[in-house]
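To start, the structure under review is shown below, and the notes come after it.
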Amino acid sequence: MENSESAEPPVRDPGDINTIDDIGNRAIQSWIFALLICMFLLVAGSTLYFAKPFLMPVAVAFVLSVLLAPAMAMIEKTGLPSGIAALGLVGALCAGIYFGFSFIAQPAASWAENAPQYIEQASDKLSGVKQPISSVQSLSEEVKQMASVSQRETADEVVVRAPGLAESLTSSMGRAAVQTLFVLALTYFILATRTELRLKLIAARRSISGKLHTARMFRDVERSVGSYIFTMALINAGLGVAVGLAMYFLDMPRPIMWGGIAAALNFIPYIGPIITASLLALVGIINTETLTEAAIPPLVYLGLNFIEGSFVTPLTLGARLTLNPLAILLTVSFWTWLWGPVGALISVPLLVMLKALSAHTEMLHPFSLLLGGTIPRPRKHGWAIKKPRP
Numbered sequence: 471m472e473n474s475e476s477a478e479p480p481v482r483d484p485g486d487i488n489t490i491d492d493i494g495n496r497a498i499q500s501w502i503f504a505l506l507i508c509m510f511l512l513v514a515g516s517t518l519y520f521a522k523p524f525l526m527p528v529a530v531a532f533v534l535s536v537l538l539a540p541a542m543a544m545i546e547k548t549g550l551p552s553g554i555a556a557l558g559l560v561g562a563l564c565a566g567i568y569f570g571f572s573f574i575a576q577p578a579a580s581w582a583e584n585a586p587q588y589i590e591q592a593s594d595k596l597s598g599v600k601q602p603i604s605s606v607q608s609l610s611e612e613v614k615q616m617a618s619v620s621q622r623e624t625a626d627e628v629v630v631r632a633p634g635l636a637e638s639l640t641s642s643m644g645r646a647a648v649q650t651l652f653v654l655a656l657t658y659f660i661l662a663t664r665t666e667l668r669l670k671l672i673a674a675r676r677s678i679s680g681k682l683h684t685a686r687m688f689r690d691v692e693r694s695v696g697s698y699i700f701t702m703a704l705i706n707a708g709l710g711v712a713v714g715l716a717m718y719f720l721d722m723p724r725p726i727m728w729g730g731i732a733a734a735l736n737f738i739p740y741i742g743p744i745i746t747a748s749l750l751a752l753v754g755i756i757n758t759e760t761l762t763e764a765a766i767p768p769l770v771y772l773g774l775n776f777i778e779g780s781f782v783t784p785l786t787l788g789a790r791l792t793l794n795p796l797a798i799l800l801t802v803s804f805w806t807w808l809w810g811p812v813g814a815l816i817s818v819p820l821l822v823m824l825k826a827l828s829a830h831t832e833m834l835h836p837f838s839l840l841l842g843g844t845i846p847r848p849r850k851h852g853w854a855i856k857k858p859r860p
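No gaps in the numbering here: position 196 of the sequence shown is 666 in the numbering used here, and each next residue is one more.
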């Protein structure tokens, strides 16, 4: 009896309490961190969307400055001042864009003038396919007319004149000209001050290892983006030549123009080839007698694009610059939805920059692997993991 009264309840190990508290604190911290990330993404997306008139030219200028950075470094080694070198590069960029667009735009503009006529011709040839749909459309129009009878009797019709085509083109061309001048000016200043800005950012790091890490990060970002864009430009030029020759042998009008369009739109993954194939299908319907013959040009183009995307590009870029196809599709879709065609053009260079930056950041290194980084290979006798000393 005395033994039972004197018996004390078992005492819990304080280590167990601390372990439970640590697990709870870590779970709370994880939820807070995830919530902060979601809030940051929401704020960043809203800022990118509503500040598009300012941020889009800034992003384009930043991408152009990174692309021109290797050429800028080579020119600076000759002793030429940075301002003059940057001015020459921006001038060469303007000349290249002008001649490239004039090479493609002149025949494309003449073709676009007759686009309504071409579309009408294609519609006439597709009339046999459209007949089953016309009955459904007429039925839906009758239902709409019956539903709107009461509204016409009670409501007054107000007609708002839409802006004319000339007014829309004038306003859009004015905005594009202002944004283009802003992009060129900002690109010039970024190139002219890139060395000074880089030295200041490196000097801001306190430790020697931090300074070296920042210098390597700048170098790898410029090399990765420059190598990727230069390699893709060569691949797209080869694809353009192949498409131009194929369209020439298929008796398509303006084969040089189609080669240029295929090369230019191939810089936009997935979306660009779809647009090119659709245009070729439209022209094929106009210039051929049957739908079977009209399908040959887009099918030939899609075959060449498949060879380029499945064999030529992976073998040329290698594992270091290869990107995850899912990441490319999501990135192109997001930036196209956010900023339109300009966002589609700069989406892949931004993705390459993000991959290079995440490879140099310990916290974002797994993200770099998801974007297409190389996974460590196991050695002959196991993974390269340091074992604890006995």
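No residue lacks a Cβ here, since even glycine has one placed at the ideal position from N, Cα and C.
No experiment lies behind these values; they were computed from the predicted model shown.
Look up residue i in the DSSP assignment and say whether it is helix, strand or coil.
i: residue 551; result: coil
i: residue 832; result: coil
i: residue 706; result: helix
i: residue 461; result: Because the chain in this structure spans residues 471 to 860, residue 461 falls outside the shown range and cannot be described.
i: residue 674; result: coil
i: residue 657; result: helix
i: residue 495; result: helix
i: residue 842; result: coil
i: residue 792; result: coil
Since residue i and residue j should fall inside the 8 Å C-beta cutoff, what is the C-beta to C-beta distance between them, to a whole number of angstroms?
i: residue 436; j: residue 725; result: The structure shown has nothing for residue 436, since the chain only spans 471 to 860.
i: residue 661; j: residue 559; result: 6 Å
i: residue 664; j: residue 542; result: 7 Å
i: residue 750; j: residue 767; result: 4 Å
i: residue 536; j: residue 692; result: 6 Å
i: residue 802; j: residue 738; result: 7 Å
i: residue 469; j: residue 668; result: The structure shown has nothing for residue 469, since the chain only spans 471 to 860.
i: residue 842; j: residue 797; result: 7 Å
i: residue 656; j: residue 531; result: 4 Å
i: residue 435; j: residue 539; result: In the structure as shown, the chain begins at 471 and stops at 860. Residue 435 is therefore absent and cannot be evaluated.
i: residue 807; j: residue 816; result: That belief does not hold up - the Cβ atoms of residue 807 and residue 816 are roughly 14 Å apart, past 8 Å.
i: residue 686; j: residue 830; result: 7 Å
i: residue 775; j: residue 743; result: 5 Å
i: residue 707; j: residue 733; result: 6 Å
i: residue 676; j: residue 684; result: Actually they do not touch by this definition, with Cβ atoms about 11 Å apart.
Assign residue i to buried or exposed, taking buried as 16 or more other Cβ atoms, counted over all protein chains shown, within 10 Å of its Cβ.
i: residue 736; result: buried
i: residue 501; result: exposed
i: residue 648; result: exposed
i: residue 730; result: buried
i: residue 527; result: buried
i: residue 710; result: buried
i: residue 702; result: buried
i: residue 840; result: exposed
i: residue 753; result: buried
i: residue 666; result: exposed
i: residue 746; result: buried
i: residue 513; result: exposed
i: residue 783; result: buried
i: residue 519; result: exposed
i: residue 714; result: buried
i: residue 811; result: exposed
i: residue 799; result: exposed
i: residue 678; result: exposed
i: residue 771; result: buried
i: residue 778; result: buried
i: residue 773; result: exposed
i: residue 755; result: buried
i: residue 716; result: buried
i: residue 696; result: buried
Confirm the yes/no value for this check: CB of residue i, any heavy atom of the ligand SAM, distance under 8 Å.
i: residue 670; result: The ligand content of the structure shown is nil, which means the ligand SAM is not present either.
For residue i and chain D, any beta-carbon pair shorter than 9 Å?
i: residue 712; result: The chain inventory of the structure shown lacks chain D, comprising one protein chain alone.
Enumerated in chain order, which unbroken segments of the alpha helix (DSSP H) with a length of 4 residues or greater are wholly contained in the segment 504-559?
-> DSSP assignment within the segment 504-559 yields the following whole alpha helix (DSSP H) runs of 4 residues or more, N-terminal first: 522-547.
Any alpha helix (DSSP H) of 4 or more consecutive residues that is wholly inside the segment 717-781 | Whole alpha helix (DSSP H) segments, 4+ residues: 725-735, 741-757, 761-764 and 766-777.
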